[in-house]
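The sequence shown begins at 9 in this note's numbering and counts up by one.
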Amino acid sequence: MKTSIQRIRKAVIPAAGLGTRFLPATKAVPKEMIPIVDVPMIQHIIEEAVRSGIEDVVLITARHKEAIENHFDSNYELEDTLDKRQKEELAEVSRRVGRLCNLISIRQKNPAGLGHAVLCAEPAIGNEPFAVLLGDDLIDAPVPCTRQLINIYEQEGSSVVGVMSIPPQDTSKYGVVAGKALSERLTDVTHLVEKPAPEHAPSTLAIPGRYILTPRIFDCIRDTKPGKGGEIQLTDALQLLAERERLLAYRFEGDRYDTGDRLGFIDATLAYALKRPELAPGVIDLMRKHLAKK
Ligand code: UTP
Numbered sequence: 009m010k011t012s013i014q015r016i017r018k019a020v021i022p023a024a025g026l027g028t029r030f031l032p033a034t035k036a037v038p039k040e041m042i043p044i045v046d047v048p049m050i051q052h053i054i055e056e057a058v059r060s061g062i063e064d065v066v067l068i069t070a071r072h073k074e075a076i077e078n079h080f081d082s083n084y085e086l087e088d089t090l091d092k093r094q095k096e097e098l099a100e101v102s103r104r105v106g107r108l109c110n111l112i113s114i115r116q117k118n119p120a121g122l123g124h125a126v127l128c129a130e131p132a133i134g135n136e137p138f139a140v141l142l143g144d145d146l147i148d149a150p151v152p153c154t155r156q157l158i159n160i161y162e163q164e165g166s167s168v169v170g171v172m173s174i175p176p177q178d179t180s181k182y183g184v185v186a187g188k189a190l191s192e193r194l195t196d197v198t199h200l201v202e203k204p205a206p207e208h209a210p211s212t213l214a215i216p217g218r219y220i221l222t223p224r225i226f227d228c229i230r231d232t233k234p235g236k237g238g239e240i241q242l243t244d245a246l247q248l249l250a251e252r253e254r255l256l257a258y259r260f261e262g263d264r265y266d267t268g269d270r271l272g273f274i275d276a277t278l279a280y281a282l283k284r285p286e287l288a289p290g291v292i293d294l295m296r297k298h299l300a301k302k
C-alpha cells in the first residue's frame, strides 16, 4: 500500500429509495429488509462490507424505514427469552447481527437521487475515502466485491467503480462507463452516462452498485444538476470526478443479482438457497416438482 493512501474504514449504504419496482411488498416494509431465504438483503450487503474490512456503516435511510436500524440493534426481549428457553444458538444469531458493525444512520428527507443520498453521508464521512454499496445489488464472490475494489484503490490511489459486462440491450438499466483499457480488468474512465439507450451507450461496461470514492466526490455532487428523472445522479457526479481526478473502473469477479427486480430476486433466492447444504436437496426436489407441471 502506498504510504499516503488512507485506509478505507467507512461505507455508505443508500437505502432511502421508494422501492417502487417491488410494490406492494415495499408499501410498509423497506425493500432492503426483504429476505433472500432468511437473511434480509441489507444484511448480505453489510456482511460484504464487513468482510471487506469496513468498520463503520453510514446508512442513508428515510421515514418508515426504522426496521433496518432495529435489525442491526440488539433485541433484548427476544435474546433473553431465547436464552431462557435454552435456544442459545438462535439468540446468538440475533446477537451476531447486532454486533456486525457500527451503524450511523442519516435521513435523506426526500428521495432526490442516489447522488443526493451519497452527499447526505458527508458529515459522517468527512475527508476520507469510502466505499458505497447499493442495497439491492447482491454480489456473490469468494473475495468480496468491495474488497476487490479496495485492493485496486490501495494499489492505484484513485477512485474505483466496480463494473461488469452486460448485453447491449440492457444499457438503459445502468450507469455505463467508457475509457482507456489499462489491462484486462482495469479501465481509466473518461466518460460515464446514466441509463443510455443502447444506440447511445459508449460501451457495455455497467456499474451495478459498488464504488470506492475519494471525498472529492462531495464537491462534484454539489456541482451536479438534476439529471435523468429530475434526480441528482451519482453517475453525473462521477463524470465530473473523472474530469477532475483519475477514476478507474474494475471488472470485478463474482455473480451479481439485481434483487430490486422481481426476476433478479427469484434468481438470488434460488442461488443462495442452493448454496445452503441443509436446503439444497429440498429446493432441487421443489424445482423438479414445479418443472414437471410446466
Ligand atoms: P433504485 O432506483 O434502484 O432504488 O436506487 P429505489 O428507488 O428504492 O427503487 P425503485 O427503482 O423505485 O424500485 C438504487 C439505490 O439507491 C437508493 C435506493 O434505496 C437503492 O438502494 N436511493 C435512491 C436513495 O437512497 N435515495 C434516492 O433518492 C434514490
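Even glycine gets a Cβ: it sits at the ideal position worked out from N, Cα and C.
Review point. Within 7 Å: the Cβ of Ile-274 and any heavy atom of the ligand UTP?
Key: no
Point to revise | Arg-115 - DSSP class collapsed to helix/strand/coil | key: strand
Check your understanding: Just to confirm, does Pro-116 get its C-beta within under 7 Å of one of the non-hydrogen atoms of the ligand UTP?
Key -> Pro is not the amino acid found at residue 116; the sequence shown has Gln there. Yes, the beta carbon of Gln-116 sits closer than 7 Å to at least one heavy atom of the ligand UTP.
Check your understanding: Nearest-angstrom Cα distance between Lys-73 and Thr-34?
Key -> 10 Å
Check your understanding: So which of Leu-26, Tyr-265 and Asp-244 has the shortest CA-CA distance to Asn-118?
Key -> Leu-26
**Study point:** alpha helix (DSSP H) segment containing His-124, residue limits
**Key:** 122-127
Review point. Looking at Glu-87 and the ligand UTP, is the gap between the Cβ and the nearest heavy atom below 7 Å?
Key: no
Check your understanding: Run through DSSP, which three-state label would Asp-275 get?
Key -> helix
Practice item. For His-79, count neighbouring Cβ atoms within 10 angstroms of its own Cβ and tell me buried if that reaches 16, exposed if not. Key: buried
Point to revise | Coarse secondary structure for Thr-5, derived from DSSP in three states | key: Outside the shown range of the chain, which is 9 to 302, sits residue 5, and nothing can be said about it.
Exercise for review: Taking Ala-257 as the reference, give the member of Lys-236, Glu-286, Gly-217 and Leu-271 with the closest Cα.
Suggested key: Gly-217
Exercise for review: Assuming Thr-179 and Pro-206 form a contact by the criterion Cβ under 8 Å, report the distance between their Cβ atoms to the nearest whole angstrom.
Suggested key: 5 Å
Practice item. Would you kindly work out how many angstroms separate the C-alpha atoms of Phe-88 and Leu-108, rounded to a whole number? Key: According to the sequence provided, residue 88 is Asp. The question's Phe does not apply to it. Straight-line Cα distance between these residues: approximately 19 Å.
Practice item. With a cut-off of 8 Å on the beta carbons, I'd call Gly-187 and Thr-198 a contact; round off their distance for me. Key: 4 Å
Point to revise | Where Asn-110 falls: helix, strand or coil (DSSP) | key: strand
Review point. Start and end of the alpha helix (DSSP H) containing Pro-1?
Key: As shown, the chain starts at 9 and ends at 302. That puts residue 1 outside it, with no answer to give.
Check your understanding: Within the present structure, is the beta-carbon of Glu-239 separated from the nearest heavy atom of the ligand UTP by less than 7 Å?
Key -> yes
Exercise for review: Determine the contact status of Ala-19 and Ile-68, defining contact as a CB-CB distance below 8 Å.
Suggested key: no
Practice item. Starting from the Cα of Pro-348, find the closest Cα among Lys-297, Val-291, Asp-227 and Tyr-280 and give me that residue. Key: No information on residue 348 is available, as it lies outside the stretch 9 to 302 that the chain covers here.
Practice item. Report the three-state DSSP secondary structure of Asp-266 (helix, strand or coil). Key: strand
Check your understanding: Among all the DSSP beta bridges, which residues are the ones paired with Pro-43?
Key -> Pro-48
Review point. Taking 7 Å as the cut-off, does the CB of Phe-226 come closer than this to any heavy atom belonging to the ligand UTP?
Key: no
**Study point:** Beta-bridge pairing of Phe-138 - partner residues as DSSP gives them
**Key:** Leu-221
Practice item. Could you tell me the distance, in whole angstroms, from the CA atom of Val-201 to the CA atom of Glu-261? Key: 23 Å
**Study point:** The beta strand (DSSP E) enclosing Leu-259, as first and last residue numbers
**Key:** With the sequence shown as reference, residue 259 is identified as Arg, and Leu is not the correct amino acid for it. Per DSSP, Arg-259 belongs to the beta strand (DSSP E) from 255-259.
Practice item. Inspect the beta-carbon positions of Ala-129 and Val-58 and report whether they are closer than 8 Å. Key: no
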